[in-house]
Amino acid sequence: MRDKKRIVVKIGSSLLTDQVRLTPRWGFMQYVLEDIARLREAGHEVVLCSSGAVALGMRMVGVTPDSAGLRDKQAAAACGMPLLLDAYKHIGHQHELQIAQILVTLGDFEHHARFLNTKNTVDRLLASGVLPIINENDTITTEQIRVGDNDRLAAKVAQMIQAQHLVILTGVDGLYDRNPSEPGAKLVETVHDVSQYLTVTEGVSTLGSGGMLTKLQAANMAQNAGCHTLIANGEGEAPISAALTGRRRCTTCVAHAEPLTSWATWLTNRLQMAGSIVITQAAAEAVERGERGIDRHDVHSIAGSYAKGDVIHVYDEKGVERARGMTDFGSEETAILVRNQEVPVKALLGYQSRGVLIESTNLIVLDDRHLQWERQPEPA
Ligand code: GLU
Numbered sequence: 573m574r575d576k577k578r579i580v581v582k583i584g585s586s587l588l589t590d591q592v593r594l595t596p597r598w599g600f601m602q603y604v605l606e607d608i609a610r611l612r613e614a615g616h617e618v619v620l621c622s623s624g625a626v627a628l629g630m631r632m633v634g635v636t637p638d639s640a641g642l643r644d645k646q647a648a649a650a651c652g653m654p655l656l657l658d659a660y661k662h663i664g665h666q667h668e669l670q671i672a673q674i675l676v677t678l679g680d681f682e683h684h685a686r687f688l689n690t691k692n693t694v695d696r697l698l699a700s701g702v703l704p705i706i707n708e709n710d711t712i713t714t715e716q717i718r719v720g721d722n723d724r725l726a727a728k729v730a731q732m733i734q735a736q737h738l739v740i741l742t743g744v745d746g747l748y749d750r751n752p753s754e755p756g757a758k759l760v761e762t763v764h765d766v767s768q769y770l771t772v773t774e775g776v777s778t779l780g781s782g783g784m785l786t787k788l789q790a791a792n793m794a795q796n797a798g799c800h801t802l803i804a805n806g807e808g809e810a811p812i813s814a815a816l817t818g819r820r821r822c823t824t825c826v827a828h829a830e831p832l833t834s835w836a837t838w839l840t841n842r843l844q845m846a847g848s849i850v851i852t853q854a855a856a857e858a859v860e861r862g863e864r865g866i867d868r869h870d871v872h873s874i875a876g877s878y879a880k881g882d883v884i885h886v887y888d889e890k891g892v893e894r895a896r897g898m899t900d901f902g903s904e905e906t907a908i909l910v911r912n913q914e915v916p917v918k919a920l921l922g923y924q925s926r927g928v929l930i931e932s933t934n935l936i937v938l939d940d941r942h943l944q945w946e947r948q949p950e951p952a
């Protein structure tokens with residue numbers, strides 16, 4: 573690792589928190605921050621995505637991981653966040669690390685202007701030599717508007733700052749070719765196509781929200797953005813550098829050889845589906861050939877309630893996801909335009925427009941590198 577790198581490190585609640593006492597695991601945090609301090613001395617830039625707020629706040633709220641509902645978790649996050657930061661500050665001080673906190677919500681990734689704004693803040697902190705510690709603002713998010721797991725959140729951060737490495741520290745050595753408790757399960761050291769492993773990754777950790785599935789989804793996002801993802805055991809000394817230098821066996825999801833542009837990566841790396849449309853087979857073929865965007869005459873049906881500027885998923889009539897793109901019309905206007913194809917746009921909406929729903933420059937055709945999403949049901 574001679575070149576200077578940007579590295580995003582994600583650590584989960586199970587590593588950070590004593591699962592019985594729901595208190596910080598100080599020894600683990602010591603090893604991680606010591607390692608980060610060393611990486612920074614070597615000239616690398618590091619961003620930490622840390623879970624743990626909800627788990628650490630549970631005692632104050634009087635709940636347990638098994639009993640906590642959404643409101644309990646929101647309150648626990650509010651209690652746990654200062655505890656978590658206090659622990660980071662205390663240990664960081666011993667390693668001359670200055671820390672800063674950034675709490676994000678889903679919209680900070682899904683809306684392009686907010687995405688750039690967040691990126692600028694992280695870049696500015698890195699330029700000042702401060703260690704940004706990022707987490708989701710769990711206190712104000714609900715199931716509908718949350719990222720939910722810090723694996724994909726960390727991948728979005730990696731994409732955002734154009735990191736070369738995303739290191740996901742976890743309680744196992746990496747991805748196994750079957751359930752690791754089954755006899756004969758083997759560690760998979762190199763992954764090019766994550767879709768081959770999606771079915772062997774069921775199961776969620778008890779304290780955090782992620783499992784191997786969200787890690788692979790995160791890795792897929794990072795790959796498309798030109799970033800390698802290492803899924804590695806976080807226990808012991810120098811867990812990050814041990815994985816990066818190959819001293820520790822782990823799973824490396826190799827970056828795509830031809831990363832997408834930042835715009836295409838942002839358009840296709842989605843955390844939540846804002847809405848979707850089904851287009852005719854003929855339109856899908858034309859879009860695939862890169863000939864054009866999508867206009868109202870192409871649309872067969874619409875699902876979801878979305879706004880102008882949202883990224884929507886485009887399916888063909890056979891249910892195959894073909895493209896993702898930023899739409900110029902919200903779902904209500906789209907429905908009016910599609911239902912009244914022969915009426916001029918001005919007569920329908922009150923203003924002049926060509927009625928192009930997604931311009932070709934805002935539309936990315938999906939290929940094998942993308943994980944397809946299942947289409948939402950159409951409204952009854
Ligand atoms: N944001 C959550 C927390 O701080 C954790 C999410 C996750 O487990 O991935 O506790």
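Its first residue numbered 573, the sequence shown is counted upward by one per residue in this note's numbering.
Even glycine gets a Cβ: it sits at the ideal position worked out from N, Cα and C.
**Q.** Identity of the residues DSSP links to PRO596 by a beta bridge
**A.** The residue given as residue 596 occupies position 24 in the sequence shown. Answer by DSSP bridge pairing, in chain order: THR589.
**Q.** Residue interval of the alpha helix (DSSP H) (run including VAL633)
**A.** One-based indexing of the sequence shown puts residue 633 at position 61. Here the alpha helix (DSSP H) through VAL633 covers 625–633.
Q.
By the three-class DSSP mapping on this structure, what secondary structure does LEU605 have?
A. Here residue 605 refers to the residue found at position 33 of the sequence shown. LEU605 falls in the helix class under three-state DSSP.
Q) Looking only at its own chain, which residues have a Cβ that is under 6 Å from the Cβ of VAL776, when we skip the five neighbours before and after it? A) Within the sequence shown, the letter at position 204 stands for residue 776. With a pLDDT of only 47 at VAL776, under the threshold of 50, the placement of this residue in the model should not be trusted, and no figure is reported.
Q.
Can you find the residues in the same chain that come closer than 8 Å, C-beta to C-beta, to TYR748, ignoring five residues on each side of it along the sequence?
A. The residue labelled residue 748 in the question sits at position 176 within the sequence shown. Excluding residues within five positions, the ones whose Cβ falls inside 8 Å are ALA757, LYS758, LEU759, VAL760, VAL772.
Q) With a Cβ-Cβ cutoff of 8 Å, do GLU889 and GLN948 count as a contact? A) The residue labelled residue 889 in the question sits at position 317 within the sequence shown. The residue labelled residue 948 in the question sits at position 376 within the sequence shown. The answer is no: Cβ separation not under 8 Å.
(Q) Measuring only the C-alpha atoms, how far is LYS582 from ALA827? (A) As a working note, residue 582 is residue 10 in the sequence shown. As a working note, residue 827 is residue 255 in the sequence shown. Cα to Cα, LYS582 sits roughly 17 Å from ALA827.
Q.
My output table needs one value for VAL776: the three-state DSSP class, helix, strand or coil.
A. Within the sequence shown, numbered from 1, the residue matching residue 776 stands at position 204. In this prediction, VAL776 has a pLDDT of 47, which is less than 50 and means its spatial position is unreliable; what the coordinates show is noted afterwards. It is a strand residue.
Q. Would you say the beta carbon of SER566 comes nearer than 7 Å to a heavy atom of ligand 1?
A. What is shown of the chain runs 573 to 952, which leaves residue 566 out entirely.
Q: Determine the burial state of THR778: buried for a count of at least 16 other Cβ atoms within 10 Å of its Cβ, exposed for fewer.
A: Taking the first residue of the sequence shown as 1, we reach residue 778 at position 206. Unreliable placement is indicated for THR778, whose pLDDT of 49 sits below 50; no coordinate value is reported for it.
Q. Between the Cα of VAL619 and the Cα atoms of ALA672, ASP590, THR801, which residue gives the shortest distance?
A. Here residue 619 refers to the residue found at position 47 when the sequence shown is read from its first residue. Closest option to VAL619, Cα to Cα, is ALA672.
Q.
What does the alpha-carbon distance come out to for the pair GLY862 and THR933?
A. Mapped onto the sequence shown, residue 862 falls at position 290. Mapped onto the sequence shown, residue 933 falls at position 361. GLY862 and THR933: Cα-Cα distance of roughly 10 Å.
Q) Hey, would you say the C-beta of GLU715 is under 7 Å away from at least one heavy atom of ligand 1? A) If you number the sequence shown from 1, residue 715 lands on position 143. The answer is no for GLU715.
Q.
Residues in the same chain with beta-carbon distance under 8 Å from THR906, minus the five sequence neighbours each way, listed in chain order, please.
A. Locating residue 906 in the sequence shown gives position 334, where the first residue counts as 1. Taken in chain order, the residues that qualify are ILE849, ARG868, VAL871, ILE874, THR899, LEU929.
Q | Opposing strand residues paired with PRO704 [DSSP bridges] | A | Position 132 of the sequence shown, counted from the start, is the residue given in the question as residue 704. ALA672, per the DSSP bridge assignment.
Q) Assuming LYS880 contacts GLY897 under a Cβ cut-off of 8 Å, what Cβ separation, rounded to an integer in Å, is found between them? A) Taking the sequence shown and counting its residues from 1, the one referred to as residue 880 is at position 308. Taking the sequence shown and counting its residues from 1, the one referred to as residue 897 is at position 325. Rounded, the Cβ-Cβ distance is 13 Å, inconsistent with contact.
Q.
With H, G and I counted as helix, E and B as strand and the rest as coil, what does DSSP make of ALA640?
A. Residue 640 sits at position 68 when you count from the first residue of the sequence shown. The answer is coil: DSSP assigns ALA640 none of H, G, I, E or B.
Q: Taking only the alpha-carbon atoms, compute the straight-line gap between PRO562 and ILE733 and give it to the nearest angstrom.
A: Residue coverage of the chain in this structure runs from 573 to 952, which leaves residue 562 outside it and unanswerable.
**Q.** For MET793 and ASP721, the rounded distance between their alpha carbons
**A.** Here residue 721 refers to the residue found at position 149 when the sequence shown is read from its first residue. Here residue 793 refers to the residue found at position 221 when the sequence shown is read from its first residue. Each residue's Cα considered, the two are about 14 Å apart.
**Q.** Close-in-space but distant-in-sequence residues of the same chain around GLY927 (CB under 7 Å, 5 per side omitted)
**A.** Here residue 927 refers to the residue found at position 355 when the sequence shown is read from its first residue. Excluding residues within five positions, the ones whose Cβ falls inside 7 Å are ASP867, ARG868, LEU909, VAL917.
Q: Rounded to whole angstroms, what's the CA-CA distance from LYS661 to LEU785? Just pull it up for me.
A: In the sequence shown, the residue the question calls residue 661 occupies position 89. In the sequence shown, the residue the question calls residue 785 occupies position 213. In a straight line, the C-alpha of LYS661 is about 32 Å away from that of LEU785.
Q: Compute the Euclidean distance between the alpha carbons of LEU698 and ILE579, then round it to the nearest angstrom.
A: Within the sequence shown, residue 698 is the residue found at index 126, counting from 1. Within the sequence shown, residue 579 is the residue found at index 7, counting from 1. LEU698 and ILE579: Cα-Cα distance of roughly 11 Å.
Q: From the DSSP output, read off the bridge partner residues of ILE874.
A: The residue you call residue 874 lines up with position 302 of the sequence shown. Looking at the DSSP assignment, ILE874 forms a beta bridge with ILE849.
(Q) I need the DSSP call for THR714, collapsed to helix, strand or coil. (A) By 1-based counting over the sequence shown, the position of residue 714 is 142. DSSP places THR714 in coil when its eight states are reduced to three.
Q. When the distance is taken between beta carbons, is LEU843 closer than 8 Å to HIS737?
A. By one-based count along the sequence shown, residue 737 stands at place 165. By one-based count along the sequence shown, residue 843 stands at place 271. Contact flag unset, no.
Q: To the nearest angstrom, report how far apart ASP658 and ARG750 are at their CA atoms.
A: Working through the sequence shown from its first residue, we reach residue 658 at position 86. Working through the sequence shown from its first residue, we reach residue 750 at position 178. Between the C-alpha atoms of ASP658 and ARG750 there is a straight-line separation of about 39 Å.
Q: Give me the Cβ distance between GLY664 and ALA625, rounded to the nearest whole Å; I'm assuming they're in contact under 8 Å.
A: Position 92 of the sequence shown, counted from the first residue, corresponds to residue 664. Position 53 of the sequence shown, counted from the first residue, corresponds to residue 625. With 8 Å as the limit, GLY664 and ALA625 do not qualify as a contact, their Cβ atoms being about 17 Å apart.
Q: Starting from SER932, trace the beta strand (DSSP E) both ways and give me its first and last residue.
A: Counting from 1 along the sequence shown, the entry for residue 932 is found at position 360. Judged by DSSP secondary structure, SER932 falls outside any beta strand (DSSP E); it is assigned neither H nor E.
Q. So, is SER586 buried or exposed, given that buried needs 16 or more other C-beta atoms within 10 angstroms?
A. Taking the sequence shown and counting its residues from 1, the one referred to as residue 586 is at position 14. Buried.
Q: Determine the closest residue to PRO704 out of ASP590, SER622, THR711, with distance taken between C-alpha atoms.
A: Within the sequence shown, residue 704 is the residue found at index 132, counting from 1. For PRO704, the closest alpha carbon among the candidates ASP590, SER622, THR711 is that of SER622.
Q) Is DSSP giving LYS577 helix, strand or coil here? A) Within the sequence shown, numbered from 1, the residue matching residue 577 stands at position 5. Note: LYS577 maps to coil in three-state DSSP.
Q) Between which two residues does the alpha helix (DSSP H) harbouring ALA919 extend? A) By 1-based counting over the sequence shown, the position of residue 919 is 347. Per DSSP, ALA919 belongs to the alpha helix (DSSP H) from 917–921.
Q.
Assuming ILE740 and ALA790 are in contact, meaning their beta carbons sit under 8 Å apart, how far apart are those beta carbons, in whole angstroms?
A. The count along the sequence shown starts at 1 and reaches residue 740 at position 168. The count along the sequence shown starts at 1 and reaches residue 790 at position 218. Contact between ILE740 and ALA790 holds: CB atoms are separated by about 7 Å, below the 8 Å threshold.
Q.
If contacts are defined as beta-carbon pairs under 8 Å, then ILE936 and ASP607 qualify, I think. What distance do you get, rounded to the angstrom?
A. If you number the sequence shown from 1, residue 936 lands on position 364. If you number the sequence shown from 1, residue 607 lands on position 35. ILE936 to ASP607, Cβ: 37 Å. No contact.
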